[in-house]
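Written below as structure tokens is the structure these notes are about.
Protein chains in written order, with this note's numbering: chain A, 872 to 1172; chain B, 11 to 658.
Here's what the structure looks like:
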């Protein structure tokens, strides 16, 4: 039976037309979906897959968002260690500096992390690293903080970065871009906490969700990369749940598309690339008031 | 606070950073003056301003420009020092610029009329081109932020209390100003100078704020200290009272609110961080920090009166060393106790109403758990420092006589023994039909439960005193050289990790992470599947204490006498509790309490979420083992030779 489903699944994605014109009663779109949804495709090789999407939106002229997605697979007799680095940064500040800040953030953070891992991943590994994932993340964020203050003083950026090593995700987070887990059963679970005034007021129970949505200072952040003398990013570890999709996005997506529509866009798409496109389209259809960035990644196998 | 999408904003903290880094991009295309940066235009030493003030040096960088120390040359025969505060008018629109200058002059006129010992006197003000200057009294002293950071440990309560009363005084003076109240709006430690007499002086007056009105969406006030309503643009006397509460909180706790989420003071109660603070003062600070302005002190005078009454009762005037609350010590009666012939350093186990515990007198004891009555003892030829394991009616225990002993739980008769080549200080772990145990012979031994024969052994770099931990068919253990191993059930190495010193602590964990401590003063979190280091948490001293987990918290003791609670995901400290001596045993969690022994001889019961002491129970010797809690009863041994049973 399982084989049959897999055959069906394969058939559908490669030769949908054949099914449509077949004389035998084809499965309806919904039946197919439930099969695809329930199916947990098995890959012998555990690996990360990812896709991303970005749009300037409908109302801005300038794209101040930056994103980075890096997925590596290295498998062999000596083992297999999925490795990935995913970052979304939403720049802010006057003139053109927002985009300088977000770009400096992704480059600096990624450069720092890759340099740290280089000698351990792309050489014959002799020993475990001296520094912990959290220490590396912290140092990468501090370096980005200095880089922004040097390259674009006065500007700032959000930063949500996920380093995936094996089944371990190390997240560094500042500002109001977000990371979510999206499950095939329709659950969506935010794993970061916005550093925004409105979020803080909500956490304290001083304003309700509805009030928050109409709050006049929705865009006030109390923590951003490049800002302030002292920066305390949220850094934490979380296991990569299987099956689930890790989504990183800027507020140009989560701020305009309702959570349930985010889930729908992802779970109804045949693959991650299409899911990213659907998400960007959904945000633009909703008015596209801000730059949109999204990265989806999944640990399969 | 920052506002996304706003235009470049010269007043937010980032501007200050820009000043500090001394590197400027072309910030404004609209600046027709051709002059680019205020730093480039900073006055040099020796420059004379308005033909009167001779600049000596830059003493500070304010939000809008520099602050200089200058000499007033109108007094040629004496050295009269003044502070010259420079504010740069950056508004591109000429009409706006003019309005700003008018506002500045109005404010300066207002300030010049204020006479109060805690407000610097204003001598002069003037505007030159795009810059305005305020000349004020030069204060010899240090700002409160500098004092806080340069002090080791906490500032004395009496000192902070005195400052707080003086600050209430000056706020009250400002708030009562006629015809309009003056709101300071930026109360924080760095805006409070303590002069050479030890008195407070408010600096960086709200006058500068007129230069901010031009920028859209700017958040006035200082992140961390500002009350919630200030972000809505409301400035009332109650806002200053909140910021004063925040300032006092920072001074008493050393916790910088700019590093914490806004309005989170209630999550950091004063007396949890600094238990020596009097409860009365805590109540006052809490009231000043109420979220709702209506719940705060309504006037600075009211707050001052409250502070004075604390000062009378506890602080400045009379100091009564009040205890930190009713703590029961030794008011607790044990349910029973049982005396062995030598020290107990190990940990008990319980099964079917019997308690099993080994002692330094070489015996493994079986006691009736309900009453502490002796059931049997089994003699080995060496001291027992570990914890017995139980399986299918047998008790497994390692002894310094180099053997693993397997004894019938009912009769105390030996079933089989297994020899290693050195003393055993590791506790046995049973999984999948095997018992795993480490030995000072540096081997991890896997022994078949049914036959008592060795299945395999794994050679490590040094003596293994930690207890093997089994998770998903992998055995994890550390050894005295600091090597840490993950070995599968066939005895093959999966991965290894190296701590800087011995790993005597055993491991705890789950699928996502495993945790252990080391003599290198670190609590480690590793990925169990590949040994990558997730985080390290720095302990004050070496640790051989095995961590325990509850909710999202990891608890561990260390030789610095502290019991630590660390958040598992973020590796942030949740709390720490100080005992009087080393904590070498491991904490255990039962219901909402944490139980842990200390070498100071006491067993501590803490509320595990907050680290608050519930009670402690003193014994005559060090407690180095781990307590066992079962059915609301705590069992533990002490080096006073006794086994105790207490009600949890």
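Glycine included, every Cβ here is placed at the ideal spot set by N, Cα and C.
This structure is a prediction, so every number in the text was calculated from the model and none was measured.
Work out the CA separation of residue 448 (chain B) and residue 376 (chain B) for me, nearest whole Å.
If you number the second chain from 1, residue 376 (chain B) lands on position 366. If you number the second chain from 1, residue 448 (chain B) lands on position 438. Residue 376 (chain B) and residue 448 (chain B) have their C-alpha atoms roughly 24 angstroms apart.
Under 8 angstroms Cβ to Cβ from residue 326 (chain B), same chain only, skipping five residues before and after it: list those, please.
Numbered from its first residue, the second chain carries residue 326 (chain B) at position 316. Confidence in residue 326 (chain B) is poor, its pLDDT being 48 and thus under 50, which makes the residue's placement unreliable; the coordinate value appears in the next sentence. The answer, listed in chain order, is 168, 171 and 172.
To the nearest angstrom, how far is the alpha carbon of residue 79 (chain B) from that of residue 1015 (chain A)?
Taking the second chain and counting its residues from 1, the one referred to as residue 79 (chain B) is at position 69. Taking the first chain and counting its residues from 1, the one referred to as residue 1015 (chain A) is at position 144. About 35 angstroms.
Am I right that residue 297 (chain B) and residue 283 (chain B) are in contact with their C-beta atoms under 8 angstroms? What's the rounded C-beta distance?
Working through the second chain from its first residue, we reach residue 297 (chain B) at position 287. Working through the second chain from its first residue, we reach residue 283 (chain B) at position 273. About 18 angstroms; that fails the 8 angstroms criterion.
On the DSSP bridge assignment, give the partners of residue 586 (chain B) in chain order.
For this step, residue 586 (chain B) is matched to residue 576 along the second chain. DSSP, once it has assigned bridges, lists B:574 as partnering residue 586 (chain B).
For residue 416 (chain B), which residues from the same chain have a beta carbon less than 6 angstroms from its beta carbon, with the 5 sequence-adjacent residues on both sides left out?
Here residue 416 (chain B) refers to the residue found at position 406 when the second chain is read from its first residue. Once the five neighbours on either side are set aside, the close Cβ partners of residue 416 (chain B) are 404, 406, 425 and 426.
On the criterion of 16 or more Cβ atoms from any shown chain inside 10 Å, does residue 397 (chain B) qualify as buried, or is it exposed?
As a first step, residue 397 (chain B) is located in the second chain; it is residue number 387 there, counting from the start. Under this definition residue 397 (chain B) is a buried residue.
Any beta carbon from chain B within less than 8 angstroms of residue 1113 (chain A)'s own beta carbon?
Locating residue 1113 (chain A) in the first chain gives position 242, where the first residue counts as 1. Taking a beta-carbon distance threshold of 8 angstroms, residue 1113 (chain A) does not count as an interface residue toward chain B.
Give the interface partners of residue 1052 (chain A) over in chain B, defined as CB-CB distance under 8 angstroms, in chain order.
As a position in the first chain, residue 1052 (chain A) is number 181, starting the count at 1. Going along chain B, no residue has its Cβ under 8 angstroms from residue 1052 (chain A), so there is no contact; the nearest lies around 14 angstroms.
Do the CB positions of residue 557 (chain B) and residue 527 (chain B) come within less than 8 angstroms of each other?
The count along the second chain starts at 1 and reaches residue 557 (chain B) at position 547. The count along the second chain starts at 1 and reaches residue 527 (chain B) at position 517. The answer is yes: Cβ separation under 8 angstroms.
Give me the Cβ distance between residue 565 (chain B) and residue 597 (chain B), rounded to the nearest whole Å; I'm assuming they're in contact under 8 angstroms.
Position 555 of the second chain holds residue 565 (chain B). Position 587 of the second chain holds residue 597 (chain B). Sure, about 4 angstroms apart at Cβ, within 8 angstroms.
For residue 198 (chain B), go through chain A and note every residue whose CB falls closer than 7 angstroms to its CB, in chain order.
Position 188 of the second chain, counted from the start, is the residue given in the question as residue 198 (chain B). Within 7 angstroms Cβ-Cβ: nothing; residue 198 (chain B) doesn't reach chain A, min ~13 angstroms.
Quick one: which residues of the region 530-551 of chain B get their C-beta closer than 9 angstroms to a C-beta of chain A? List them in chain order.
534, 535, 536, 537, 539, 540, 541, 542, 543, 544, 545 and 546
Of all Cβ atoms in chain B, is any one closer than 8 angstroms to the Cβ of residue 1099 (chain A)?
Residue 1099 (chain A) sits at position 228 when you count from the first residue of the first chain. Interface residue, yes.
How is residue 1041 (chain A) classed by DSSP in three states: helix, strand or coil?
Along the first chain, one-based indexing puts residue 1041 (chain A) at 170. Of the three classes helix, strand and coil, the one that applies to residue 1041 (chain A) here is strand, per DSSP.
Do residue 586 (chain B) and residue 562 (chain B) have their beta-carbon atoms positioned less than 8 angstroms apart in this structure?
Residue numbering aside, residue 562 (chain B) sits at position 552 when the second chain is read from its first letter. Residue numbering aside, residue 586 (chain B) sits at position 576 when the second chain is read from its first letter. The answer is no: Cβ separation not under 8 angstroms.
Within 10 Å of its beta-carbon, does residue 208 (chain B) have 16 or more other beta-carbons around it, so buried, or fewer, so exposed?
Position 198 of the second chain holds residue 208 (chain B). Burial call: exposed.
Indicate the three-state DSSP secondary structure (helix, strand or coil) for residue 1133 (chain A) in the structure shown.
As a first step, residue 1133 (chain A) must be located in the first chain, where it is residue number 262. The answer is helix: DSSP assigns residue 1133 (chain A) an H, G or I state.
Using a beta-carbon distance cut-off of less than 8 angstroms, what residues from the region 99-114 of chain B approach chain A?
Listed by position along the chain: nothing, the set is empty.
Look at the alpha carbon of residue 349 (chain B) and the alpha carbon of residue 652 (chain B), and state the distance between them as a whole number of angstroms.
Working through the second chain from its first residue, we reach residue 349 (chain B) at position 339. Working through the second chain from its first residue, we reach residue 652 (chain B) at position 642. Distance from the CA atom of residue 349 (chain B) to the CA atom of residue 652 (chain B), rounded to whole angstroms, is 4 angstroms.
Here's a check: name, in chain order, each residue in its chain whose Cβ is nearer than 8 angstroms to the Cβ of residue 150 (chain B), leaving out the five neighbours to either side.
Along the second chain, read from residue 1 onward, the residue named residue 150 (chain B) stands at position 140. 205 and 206, listed in sequence order.
At 3 residues or longer, what runs of the beta strand (DSSP E) sit wholly inside the region 120-204 of chain B?
132-138, 141-147 and 151-153
Using a Cβ-Cβ cut-off of 6 angstroms (strictly less than) and excluding sequence neighbours within five positions of residue 1175 (chain A), which residues of its own chain qualify?
Only positions 872 to 1172 of chain A appear in the structure, and residue 1175 (chain A) is not among them; the question remains open.
Three-state secondary structure (DSSP) at residue 990 (chain A)?
To locate residue 990 (chain A), count along the first chain from 1; it is residue 119. Residue 990 (chain A): helix per DSSP, three-state reduction.
Using 8 angstroms as the limit for Cβ to Cβ distance, is residue 1006 (chain A) near chain B?
To locate residue 1006 (chain A), count along the first chain from 1; it is residue 135. Judged by the 8 angstroms Cβ criterion, residue 1006 (chain A) is in contact with chain B.
Check distances from the C-beta atoms of the region 1025-1046 of chain A to those of chain B and list, in chain order, the residues that come in under 8 angstroms.
1025, 1026, 1027, 1036, 1037, 1038, 1039 and 1041
What did DSSP end up calling residue 1124 (chain A) once you bin it into helix, strand or coil?
Start at 1 with the first residue of the first chain, and residue 1124 (chain A) comes out as number 253. Helix.
Just grab the DSSP bridge partners of residue 464 (chain B) for me.
The residue you call residue 464 (chain B) lines up with position 454 of the second chain. Its beta-bridge partners are B:457.
Beta carbons nearer than 8 angstroms to chain A: which residues of the region 421-446 of chain B have them?
none
Measuring CB atoms only, is the region 479-496 of chain B touching the region 439-446 of chain B, in the sense that at least three cross pairs come out at less than 8 angstroms?
yes
Taking 8 angstroms as the CB-CB limit, is residue 1162 (chain A) close to chain B?
Translated into positions along the first chain, residue 1162 (chain A) becomes position 291. No, residue 1162 (chain A) does not count as interfacial toward chain B.
Just list the beta strand (DSSP E) runs in the region 916-960 of chain A, keeping only unbroken ones of 3 residues or longer that don't cross its boundaries, in chain order.
918-926 and 936-943
Please identify the residue among B:156, B:129 and B:161 whose C-alpha is closest to the C-alpha of residue 179 (chain B).
In the second chain, the residue the question calls residue 179 (chain B) occupies position 169. When each option's Cα is compared against that of residue 179 (chain B), the closest is B:129.
Against chain B, does residue 989 (chain A) count as a neighbour if the rule is that its beta carbon must be under 8 angstroms from one of theirs?
Within the first chain, the letter at position 118 stands for residue 989 (chain A). For residue 989 (chain A), no CB of chain B lies under 8 angstroms from its own CB, so it is not counted at the interface with that chain.
Taking the straight line between their C-alpha atoms, what separation do you get for residue 1103 (chain A) and residue 1032 (chain A)?
As a working note, residue 1103 (chain A) is residue 232 in the first chain. As a working note, residue 1032 (chain A) is residue 161 in the first chain. Their backbone Cα atoms lie some 14 angstroms apart in a straight line.
What is the DSSP secondary structure of residue 1102 (chain A), reduced to helix, strand or coil?
By 1-based counting over the first chain, the position of residue 1102 (chain A) is 231. Reduced to three states, the DSSP call for residue 1102 (chain A) is coil.
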